[in-house]
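Every position in the sequence shown, counted from 1, becomes a number in the numbering used here once 15 is added.
The block underneath contains the structure these notes are about, expressed in structure tokens.
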Amino acid sequence: MRKKTVTPEPEVVAPQILEQAKKALSADTIQRAAKCSVCGGECSPSPEEQLCWVCRRLKISAWRDADLQAGAQE
Ligand SMILES: [Zn+2]
Numbered sequence: 016m017r018k019k020t021v022t023p024e025p026e027v028v029a030p031q032i033l034e035q036a037k038k039a040l041s042a043d044t045i046q047r048a049a050k051c052s053v054c055g056g057e058c059s060p061s062p063e064e065q066l067c068w069v070c071r072r073l074k075i076s077a078w079r080d081a082d083l084q085a086g087a088q089e
């Protein structure tokens, strides 16, 4: 009697799926890097500072206030 040798096929990950996974991973890291350093909100990645538009405006208005106060003290 002949025995049928059934070799289980190894799970082959399609290169396309691998590529998609890599892209998803890189996209994830980009999203993580593009978080506002103040409130953690969404923002565009910047090499200098990572601030969302809200915190950026707050920062600019804070600078203006500081300038006004400095001018009023004189
Ligand atoms: Zn923010």
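Glycine residues also receive a C-beta, built at the ideal position from the N, C-alpha and C atoms.
What I want to know is whether the C-beta of Val21 ends up closer than 7 Å to one or more non-hydrogen atoms of ligand 1. no
Test item: CB-CB of Cys105 and Gln65 under 8 Å: The question about residue 105 has no answer here: the residues shown for the chain are numbered 16 through 89.
Residues that DSSP places opposite Lys50 in a beta bridge: Glu57
Taking Arg71 as part of the alpha helix (DSSP H), name the residues at either end of that continuous run. 68-88
Taking the alpha carbon of Val69 as the point to measure from, which residue in Lys37, Val27, Gly56, Ala29 has its own alpha carbon closest? Gly56
Can you give me the C-alpha to C-alpha distance between Ala87 and Ala81, rounded to a whole angstrom? Distance between the alpha carbons of Ala87 and Ala81: 10 Å.
When every heavy atom of ligand 1 is checked, does at least one fall within less than 7 Å of the C-beta of Leu66? yes
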